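Listed in order, the protein sequences are those of chains A and B.
In terms of my numbering, the first sequence opens at residue 13 and continues consecutively.
In terms of my numbering, the second sequence opens at residue 3 and continues consecutively.
Beta carbons: idealized from backbone N, C-alpha and C, even for Gly.
Nothing here was measured: the structure is a model prediction, and the numbers come from that model.
Step one of this worksheet: look at the structure below.
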Amino acid sequence: MTDEGSILTAADLAGNGVHGDDPDRHGKFGIFGGRYVPEALIPALDEVASVYEKAKSDEQFLREFDHLLRTYAGRPTTLTDVPRFSEQAGGARIILKREDLTHTGAHKINNVIGQALLTKRLGKKRVIAETGAGQHGVATATAAALLGLECVIYMGAVDCERQALNVARMKLLGATVVPVHNGSRTLKDAINEAFRDWVTNVDTTHYLFGTVAGPHPFPEIVRDFARIIGVEARRQMLELTGRLPDAVCAAVGGGSNAIGIFHAFIEDRDVQLHGYEAAGHGLDSGEHALTLTAGSVGVLHGSRTYVLQDDEGQTIESHSISAGLDYPGVGPEHAWLKDTGRATYHGVTDDEAMAAFSLMARTEGIIPAIESSHALAGALRLGRELGPEATILVNLSGRGDKDMGTAMKYFNL
Amino acid sequence: MTTLQTVFAKAKADNRAALVGYLPAGFPSKDGAIAAAAALVEAGCDVIEIGLPYSDPLMDGPTIQDAVHRSLTNGTRIADVMRTVEGVAATGAATLVMTYWNPIDRYGAERFARDLANAGGVGTITPDLTPEESGPWREASAAAGIDTVFLVAPSSTEERIQAVADCCTGFVYAASLMGVTGARESVNVAAEGLVKRTRAHTDLPVCVGLGVGTGAQAAEVAGYADGVIVGSAFIRRMLDAPDEAAGRASIAELAREMAQGVRSRG
């Protein structure tokens, strides 16, 4: 999507292979990715892959996607300079990519619109999705309402409680919300339950996967639909500052907002890419979601990637104050970017994230999602390292309205 | 040690299907699992699948999830799984491990295959390991002399059935329905068609699992398959029993009914 009136190109969507880092036909990013799923799902995954393969270079599909992004999601989103916030970052210039200003309030809408359009092409009438913070669930329920699809959202019982407002939003949008009481009762268990639904109802149902994890082709499809964030931001940075940023920062749970903003910069070797995971109560507390920084290579939810697991491969429950980052796995492309050294991943504790959350609200009048606040905290740190000449682009992936309950408790408001 | 080949040859000679029972290790307790499996063998199960409890069993329905959760809460480790296999193999039944891939991956494929063979296990069933990703495991299993069983499903294309069957030794596991584990009112009609399609691609025995819960269903499935796999129906009875001994008696009763079923091909 370039100037007003023009349409999203196939290259905007998928990079048209120009990055040379697309997964191979088995969905492998190096040793990561692939498919570790019941055989029953293979035909459905093949179908999704082949329908997407045709769609991504189909003019009509691109037009529809572009139209909805523009007229419904509110794209392009703006960049915002945050000088008062930047004062705390050693004077480095921090610029936000405002995904919080999209319809439904987070970057999730981009992927959801793309996949909802795919669902129609698949000839399916029902979508299911998992959700952690509820943002993907709300976005999915929204797109389902828009396109007339039946919608069922799986959400961990713990998350239903801490994101009660989003549960209400989903219901209002006509979705059925199923609280998941198994295991840790958070995002990973919601994903298990969604897979169980999918294998049972695959003839009628598309699993509208919400992040760049899962079996091939989800990591590629979700990335491509989120890629617009970085494509826009790169162009806008050149317009605003006359050059590329020194660094791009994003929060990483499953990794969709981070891949979304990173991907358009991968070939720009001078641009540092920094991902910030939830360090929860700190690495040593054992209560964190430091999948890339402290996890090990394994298989979770259908793909090979970094995982929080014990010495026998049992998943370790993650912890974060932010439901959207509370996930013991991560997208395989991030695992690949980490191992190749192209991106660097760090931890941000609950306390650091909440401090950045509060600082952003007080200095700039923007209440960010707690997920995004991890990236903001990271940018404060990075700014002090890089110095006052540096320009740092941060993906403000969502707004914080949904987090008021958590904030009230945390700050005693 | 009884091999899968021996079991299926013998069942064929008797003009019946083999009966395969599934129980997770560590449920209802570490020793209780061995005793329960022994009761199944005594009652007529030819093959026992010992489930390796995993934190994220995305192919399992609520019954097995519940049992697996209890097993993990009991602190079941892979060493316990191996001990369970050893105890069950000692009864003379061919004993397999059914497991999601990640625990093997983490433990080390060669080490797992070797330890399983040493415990008297004859192979594994790996429901989330696709042919594309199965190379290392098939190599390790072949080196340790154990069988590899993979699943085909009603949705599988002919190409996929061929690819899966080519990776199997021992038998092919045909999932009777599109769904998760758990007893159903009736065995899906898709099962018979799937078995037929699978036979066109392999000479290996084809066993049917998912949804089998009664002797009558076992008889029906035995009419077209080489083996009948029962899991959730046993576990349901154990979960509902007041104590381990009652649970054992209850699953033995069901296993006898099933054993009769596989001998009276419907």
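Open item on the list: Whole angstroms are fine: how far does the CA of Gln321 (chain A) sit from the CA of Asp34 (chain A)?
Closed with: Roughly 27 Å separates the two Cα atoms.
Open item on the list: So, does the stretch 86-99 of chain A touch the stretch 37-45 of chain A, judging by three or more C-beta pairs under 8 Å?
Closed with: In this structure the stretch 86-99 of chain A does not touch the stretch 37-45 of chain A; the number of beta carbon pairs closer than 8 Å is below three.
Open item on the list: Spatial neighbours of Leu285 (chain A) within its chain, please: C-beta separation below 6 Å, excluding the five flanking residues on both sides.
Closed with: Taking Leu285 (chain A) as the centre and dropping the five residues before and after it, the same chain places the C-beta of Val260, Phe274, Ala355 closer than 6 Å to its C-beta, in chain order.
Task: At least 3 beta-carbon pairs within less than 8 Å: the stretch 113-121 of chain A vs the stretch 400-417 of chain A - done: By the criterion of at least three beta-carbon pairs nearer than 8 Å, the stretch 113-121 of chain A is in contact with the stretch 400-417 of chain A.
Open item on the list: Can you tell me whether Asn123 (chain A) is helix, strand or coil according to DSSP?
Closed with: Residue state, collapsed to three classes: helix.
Task: Coarse secondary structure for Lys66 (chain A), derived from DSSP in three states - done: Correct three-state label for Lys66 (chain A): helix.
Open item on the list: Strictly below 7 Å CB to CB, what residues from chain B border Arg208 (chain A)?
Closed with: Chain-order list of chain B residues neighbouring Arg208 (chain A): Leu60, Val182, by C-beta distance under 7 Å.
Open item on the list: Any beta carbon from chain B within less than 9 Å of Thr14 (chain A)'s own beta carbon?
Closed with: Below a pLDDT of 50, predicted positions are generally treated as unreliable, and Thr14 (chain A), at 43, falls in that range; no measurement from the model is reported.
Task: Boundaries of the alpha helix (DSSP H) in which Tyr109 (chain B) is found, first to last residue - done: Per DSSP, the continuous alpha helix (DSSP H) segment holding Tyr109 (chain B) begins and ends at 103-109.
Open item on the list: Looking at chain B, is there any beta carbon in it that lies within less than 9 Å of the beta carbon of Arg47 (chain A)?
Closed with: Between Arg47 (chain A) and chain B, the shortest Cβ-Cβ separation is below 9 Å.
Task: Close Cβ partners of Thr5 (chain B) (< 7 Å) along its chain, the five nearest in sequence each way excluded - done: Once the five neighbours on either side are set aside, the close Cβ partners of Thr5 (chain B) are Ala96, Val124.
Open item on the list: Cutting at 7 Å between CB atoms, please list the residues of its own chain near Pro50 (chain A), excluding the five before and the five after it.
Closed with: Hits under 7 Å: Val211.
Open item on the list: Are the CB atoms of Leu371 (chain A) and Ala387 (chain A) within a distance shorter than 9 Å?
Closed with: No.
Open item on the list: Short of 6 Å in beta carbon distance, which residues of its chain neighbour Lys32 (chain B), apart from the five on each side in sequence? Order them along the chain.
Closed with: Hits under 6 Å: Asp82.
- [ ] Within the same chain, show all residues whose beta-carbon is closer than 6 Å to that of Gly34 (chain B), passing over the 5 residues directly before and after it, in chain order.
- [x] Closer than 6 Å at Cβ, skipping near neighbours: Glu246.
Open item on the list: Check whether chain A comes within 9 Å of Tyr109 (chain B), counting only Cβ atoms and requiring the distance to be less than that.
Closed with: At least one CB atom of chain A sits nearer than 9 Å to the CB of Tyr109 (chain B).
Open item on the list: Quick check on this structure: which residue in B:Leu118, B:Arg199, B:Asp228 has the alpha carbon closest to the alpha carbon of Ser266 (chain B)?
Closed with: Among B:Leu118, B:Arg199, B:Asp228, the Cα nearest to that of Ser266 (chain B) is on B:Asp228.
- [ ] State the DSSP-derived secondary structure class of Lys136 (chain A), mapped to helix, strand or coil.
- [x] Residue state, collapsed to three classes: coil.
- [ ] Check Asn17 (chain B) in the structure and name its three-state DSSP category.
- [x] If DSSP states are grouped into helix, strand and coil, Asn17 (chain B) belongs with coil.
Open item on the list: Applying the 10 Å Cβ sphere with the 16-neighbour rule, what's the burial state of Gln67 (chain B)?
Closed with: It counts as buried.
Task: Neighbourhood of Gln100 (chain A) by C-beta distance below 7 Å, restricted to the same chain and skipping five residues each side - done: So the qualifying residues of the chain are Leu371, Leu392.
- [ ] Would you mind sorting Lys350 (chain A) into buried or exposed? The rule is 16 or more other CB atoms within 10 Å of its CB.
- [x] Per the 10 Å Cβ criterion, buried.
Open item on the list: I want to know whether the stretch 338-350 of chain A touches the stretch 116-135 of chain B - three or more CB-CB distances under 8 Å.
Closed with: Contact between the stretch 338-350 of chain A and the stretch 116-135 of chain B is not established, with fewer than three Cβ pairs separated by less than 8 Å.
Open item on the list: Below 9 Å on C-beta distance, what does Thr97 (chain B) contact in chain A?
Closed with: Using a Cβ-Cβ cut-off of 9 Å, Thr97 (chain B) is close to nothing in chain A; its nearest Cβ partner there is about 20 Å away.
Open item on the list: Using a Cβ-Cβ cutoff of 8 Å, what residues of the stretch 66-90 of chain B are near chain A? List them in chain order.
Closed with: Here the close residues are Gln67, His71, Leu74, Arg79, Ile80.
Task: Residues near Gly32 (chain A) in its chain [Cβ-Cβ closer than 6 Å; skip 5 each side] - done: With a pLDDT of only 49 at Gly32 (chain A), under 50, the local geometry of the prediction cannot be trusted, and no value is derived from it.
Task: Three-state class that DSSP yields for Arg186 (chain B) in the structure shown - done: If DSSP states are grouped into helix, strand and coil, Arg186 (chain B) belongs with coil.
TODO: Specify the secondary structure class of Phe41 (chain A) as computed by DSSP and reduced to three states.
DONE: Strand, per DSSP.
Task: Given Ala367 (chain A) as reference, the closest of A:Ser315, A:Ala169, A:Ser384, A:Leu108 once Cα atoms are compared - done: Comparing C-alpha distances from Ala367 (chain A) to each of A:Ser315, A:Ala169, A:Ser384, A:Leu108 shows the shortest one belongs to A:Ser384.
Open item on the list: Output needed in chain order: residues of the stretch 124-136 of chain B with a Cβ under 7 Å from some Cβ in chain A.
Closed with: Those residues of the stretch 124-136 of chain B that come within reach of chain A (Cβ to Cβ, closer than 7 Å) are Pro129, Asp130, Leu131, Thr132, Glu134, Glu135.
- [ ] Can you have a look at Ala202 (chain B) and say buried or exposed, based on whether 16 or more other CB atoms are within 10 angstroms of its CB?
- [x] By the neighbour-count criterion, in which a residue is buried when 16 or more other Cβ atoms sit within 10 angstroms of its Cβ, Ala202 (chain B) is exposed.
- [ ] For Ala155 (chain B), go through chain A and note every residue whose CB falls closer than 9 Å to its CB, in chain order.
- [x] Ordered by position in chain A, the residues that pass the 9 Å Cβ test against Ala155 (chain B) are Pro50, Glu51, Ala52, Leu53, Ile54, Pro55, Val211.
Open item on the list: Does chain B have any CB closer than 9 Å to the CB of Asp34 (chain A)?
Closed with: Asp34 (chain A) is outside the set of residues whose beta carbon lies under 9 Å from a beta carbon in chain B.
- [ ] Would you identify the three-state DSSP class for Met420 (chain A), choosing helix, strand or coil?
- [x] Here Met420 (chain A) sits in helix by DSSP.
- [ ] Kindly list the residues whose CB is nearer than 6 Å to the CB of Gly172 (chain B), restricted to its own chain and excluding five residues on each side of it in sequence; keep chain order.
- [x] Sequence-distant Cβ neighbours of Gly172 (chain B) in its own chain, meaning closer than 6 Å and more than five residues away, are Leu6, Gly125, Asp149, Val151.
Task: Three-way DSSP call (helix, strand, coil) for Gln326 (chain A) in this model - done: Coil.
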